[in-house]
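Q: Got a structure for you, written out below as structure tokens; questions coming shortly.
Number of protein chains: 2
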Amino acid sequence: MPKVTDEYRIAKREEIADAALRAFRRKGFQGASMADIIAESGLSAGAIYGHFASKGDIILDVATRVVGARVDDVQQLMASDPLPPPSHLLRVLMGGMLEDLGDPTILVQLWGEAATDPALRDLAQGVFAQLQGAYRRYISLWHQREHGVSEEEGDAIGAEQVSLFVSGAQGFIVQAALMPDFDRERYLTTLDKYLPR
Amino acid sequence: MPKVTDEYRIAKREEIADAALRAFRRKGFQGASMADIIAESGLSAGAIYGHFASKGDIILDVATRVVGARVDDVQQLMASDPLPPPSHLLRVLMGGMLEDLGDPTILVQLWGEAATDPALRDLAQGVFAQLQGAYRRYISLWHQREHGVSEEEGDAIGAEQVSLFVSGAQGFIVQAALMPDFDRERYLTTLDKYLPR
DNA sequence: GTCTATACCAGGATAGAC
DNA sequence: GTCTATCCTGGTATAGAC
Chain A
108 MPKVTDEYRI AKREEIADAA LRAFRRKGFQ GASMADIIAE SGLSAGAIYG
158 HFASKGDIIL DVATRVVGAR VDDVQQLMAS DPLPPPSHLL RVLMGGMLED
208 LGDPTILVQL WGEAATDPAL RDLAQGVFAQ LQGAYRRYIS LWHQREHGVS
258 EEEGDAIGAE QVSLFVSGAQ GFIVQAALMP DFDRERYLTT LDKYLPR
Chain B
108 MPKVTDEYRI AKREEIADAA LRAFRRKGFQ GASMADIIAE SGLSAGAIYG
158 HFASKGDIIL DVATRVVGAR VDDVQQLMAS DPLPPPSHLL RVLMGGMLED
208 LGDPTILVQL WGEAATDPAL RDLAQGVFAQ LQGAYRRYIS LWHQREHGVS
258 EEEGDAIGAE QVSLFVSGAQ GFIVQAALMP DFDRERYLTT LDKYLPR
């Protein structure tokens, strides 16, 4: 297979997905029409359907890009020595998310769609499970390092506390998306202060 | 104006709104068609448009019913003596929410819609602000009663800690809606244990 | 691969009879 | 107030030329 053509296809899909993301951000996944995506991309209907089979196909592709990649942040921070406390991981995750997405509104939209769309539901559940597992292991490791507990004890603590940090992330996202005078820094500082170590 | 007719109109609107809620729960606010709502209600198109101006009108009415009424729970608990700790308020709010809605999925859908629909955004923001304010006052009062701090100190603590409890609620809702093996009781117990008093 | 033009259909809303 | 039947817009996807 010709190398140039392959790269072109991938780049084109990304270009279209980026345009679609902008349209979805403004009007929602269902609310944005193919005409919106076409206008946003500067391409034509024919061009887009040459790269995606359907609008649903585009949504799934965009959604996958949107939720991807946060697990890597956990892995990377796990290699640090000394290990920052678990609440600091929240800062890193939210920072990376904001850098990728600009603002978290699209994530809340995605969750809403996931409630009724099976493909998006599976996607969201998979990402939640991955992220929760990574965070759980991080907490366990931190307690082993910082408080010298055994691996078993660390795992027990991780299992117990992880939902607290997951809520911290989800609360950040919902509040940043929907509460107009949300103060990101203040929120993260409060969690630093009150979440367990 | 004839009394019977007025009551009839109100009851009919509620009947239609209930049917619409069932349709929205299954297919989402946008995803459910008027045909779905018509089928679910057992009525006809003409009958429904006699009581609602448009589908958007129905959505707004249903959404208002869905998010209403939690603030009352805070007021009611505020009259208790002794006052339960703030984390217990979370139990009451989530319990009331589940009793009203069956499950929290519809709330996540609502938040997602609110990201792009101005009317729903205003509704959600208003409810968030009310609920946050009530919770803030509850925390303040509890600290005055339990730790004997001044009203000013209590208010400062409330302002600082409230986002923590709001996240606790939002995290509960997201996780209950989208994480398949979410354990409600375990979650609330963990929050009892770790959230500040 | 990409364009324009269009087929085709779903869905919201109305008309008019009862 | 409610029904049935229908209009009509807007939206997805395809056909066929380049």
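Just so you know, the protein sequences line up as chains A and B, in that order. If you count the first sequence from 1, position 93 lands on 200 in the working numbering, and the numbers rise without skipping. If you count the second sequence from 1, position 186 lands on 293 in the working numbering, and the numbers rise without skipping. Quick reminder that beta carbons are idealized off the backbone N, C-alpha and C, glycines included.
#1: Any chance you could list the alpha helix (DSSP H) runs of at least 4 consecutive residues sitting entirely within the region 220 to 301 of chain A, in chain order?
#2: Give the straight-line distance between the Cα atoms of Asp164/A and Glu220/B, rounded to the nearest whole angstrom.
#3: For Lys162/B, would you say it is in contact with chain A, using Cβ-to-Cβ distances shorter than 8 Å as the test?
#4: Output needed in chain order: residues of the region 252 to 271 of chain B with a Cβ under 8 Å from some Cβ in chain A.
#5: DSSP state of Leu190/B, grouped into three classes?
#6: Could you tell me whether any Cβ in chain B is nearer than 8 Å to the Cβ of Ala142/A?
#7: Give me the Cα-Cα distance between Thr171/B and Leu217/B, rounded to the nearest whole angstrom.
#8: Is DSSP giving Arg304/A helix, strand or coil here?
#9: Should Val174/B and Leu196/B be called a contact, given that it needs their Cβ atoms to be closer than 8 Å?
#10: Given that Gly219/B touches chain A, what residues does it touch there, using C-beta distances under 9 Å?
#11: Check whether the region 152 to 166 of chain A and the region 241 to 248 of chain A touch, using three or more Cβ-Cβ pairs below 8 Å as the test.
#12: When you compare the region 264 to 283 of chain B with the region 220 to 229 of chain B, are there three or more beta-carbon pairs, one atom per stretch, that lie closer than 8 Å?
#13: If you scan the region 122 to 158 of chain A from start to end, which runs of the beta strand (DSSP E) of 3 or more residues do you find wholly inside it?
#14: Give me the chain A residues within the contact set of Val273/B, using Cβ-Cβ distance strictly less than 9 Å, ordered along the chain.
#15: Within 8 Å (strictly less), CB to CB, does Thr212/B reach chain A?
#16: Anything in chain B within Cβ reach of Ala83/A, meaning under 7 Å, just list it in chain order.
#17: If we cut at 8 Å on Cβ distances, does Thr171/B have a partner in chain A?
#18: Going by DSSP, what residue range makes up the alpha helix (DSSP H) through Asp180/A?
#19: Considering only C-alpha positions, which residue in the set Leu285/B, Lys300/B, Ser194/B and Thr297/B is nearest to Ile246/B?
#20: Just to confirm, is the Cβ distance from Pro303/B to Tyr301/A under 8 Å?
#21: Please list, in chain order, all residues of the same chain as Lys119/B whose beta carbon is under 7 Å from its beta carbon, the five residues on each side excluded.
#22: Output yes if chain A places a C-beta closer than 8 Å to the C-beta of Tyr115/B; else output no.
#23: Under 8 Å between the Cβ atoms of Leu190/B and Trp249/B?
#24: Verify whether the separation of the beta carbon atoms of Leu238/B and Arg198/B is less than 8 Å.
#25: Check whether the Cβ of Tyr242/B lies closer than 8 Å to any Cβ atom in chain A.
#26: What did DSSP end up calling Gly209/B once you bin it into helix, strand or coil?
#27: Once you ignore the five residues that flank Gln268/A on each side, which residues in its own chain have a CB closer than 7 Å to its CB?
#28: Could you tell me whether any Cβ in chain B is nearer than 8 Å to the Cβ of Phe159/A?
#29: Apply the 10 Å Cβ neighbour rule to Gly135/A and answer buried if 16 or more other Cβ atoms are within range, or exposed otherwise.
#30: Identify, in the order they occur along the chain, each residue of the same chain with its Cβ nearer than 6 Å to the Cβ of Gly261/B, setting aside the five sequence neighbours on each side.
#31: Give the straight-line distance between the Cα atoms of Val215/B and Asp210/A, rounded to the nearest whole angstrom.
#32: At the 8 Å Cβ level, is Tyr245/B part of the contact set with chain A, yes or no?
A: The relevant details are as follows:
#1: Secondary structure remark: continuous alpha helix (DSSP H) runs of at least 4 residues inside the region 220 to 301 of chain A, in chain order: 225 to 254, 258 to 285 and 291 to 301.
#2: Asp164/A and Glu220/B have their C-alpha atoms spaced approximately 21 Å apart.
#3: Not closer than 8 Å to any Cβ of chain A, the Cβ of Lys162/B fails to qualify, so no.
#4: Within the region 252 to 271 of chain B, the residues whose Cβ lies closer than 8 Å to some Cβ of chain A are Glu267, Gln268, Ser270 and Leu271, listed in chain order.
#5: In this structure, Leu190/B counts as coil in the three-state DSSP scheme.
#6: Taking Cβ atoms only, chain B never reaches closer than 8 Å to Ala142/A, which makes this a no.
#7: One Cα belongs to Thr171/B, the other to Leu217/B, and the distance between them is close to 10 Å.
#8: Reduced to three states, the DSSP call for Arg304/A is coil.
#9: Between Val174/B and Leu196/B, the C-beta gap is not smaller than 8 Å, which leaves the two residues out of contact.
#10: In chain order: Gly135, Phe136, Val215, Gln216, Leu217, Trp218, Gly219, Glu220, Ala221 and Ala222.
#11: They do not touch, by the three-pair rule.
#12: With contact defined as three or more Cβ pairs closer than 8 Å, the region 264 to 283 of chain B and the region 220 to 229 of chain B are not in contact.
#13: Here no run is fully enclosed.
#14: Neighbours of Val273/B in chain A, taken as residues whose beta carbon is under 9 Å from its own, are Gly278, Val281, Gln282 and Met286 in chain order.
#15: True, the Cβ-Cβ gap to chain A drops below 8 Å.
#16: What is shown of chain A runs 108 to 304, which leaves residue 83/A out entirely.
#17: Not a single CB atom of chain A sits nearer than 8 Å to the CB of Thr171/B.
#18: Judged by DSSP secondary structure, Asp180/A falls within the alpha helix (DSSP H) whose first and last residues are Arg177 to Met185.
#19: Ranked by Cα distance from Ile246/B, the first of Leu285/B, Lys300/B, Ser194/B and Thr297/B is Ser194/B.
#20: Yes, Cβ-Cβ distance for Pro303/B and Tyr301/A is below 8 Å.
#21: Excluding sequence neighbours, Lys119/B sits near His158.
#22: Taking Cβ atoms only, chain A never reaches closer than 8 Å to Tyr115/B, which makes this a no.
#23: Leu190/B is a Cβ neighbour of Trp249/B, given a cutoff of 8 Å.
#24: No.
#25: Answer no: the Cβ-Cβ gap between Tyr242/B and chain A never drops below 8 Å.
#26: Here Gly209/B sits in coil by DSSP.
#27: Excluding sequence neighbours, Gln268/A sits near Ile246 and Pro303.
#28: No, Phe159/A does not count as interfacial toward chain B.
#29: Residue burial annotation: Gly135/A is buried, with at least 16 other C-beta atoms found within 10 angstroms of its C-beta.
#30: Ser247, His250 and Gln251, listed in sequence order.
#31: Whole-angstrom Cα-Cα distance: 18 Å.
#32: At a cut-off of 8 Å between C-beta atoms, Tyr245/B does not count as an interface residue with respect to chain A.
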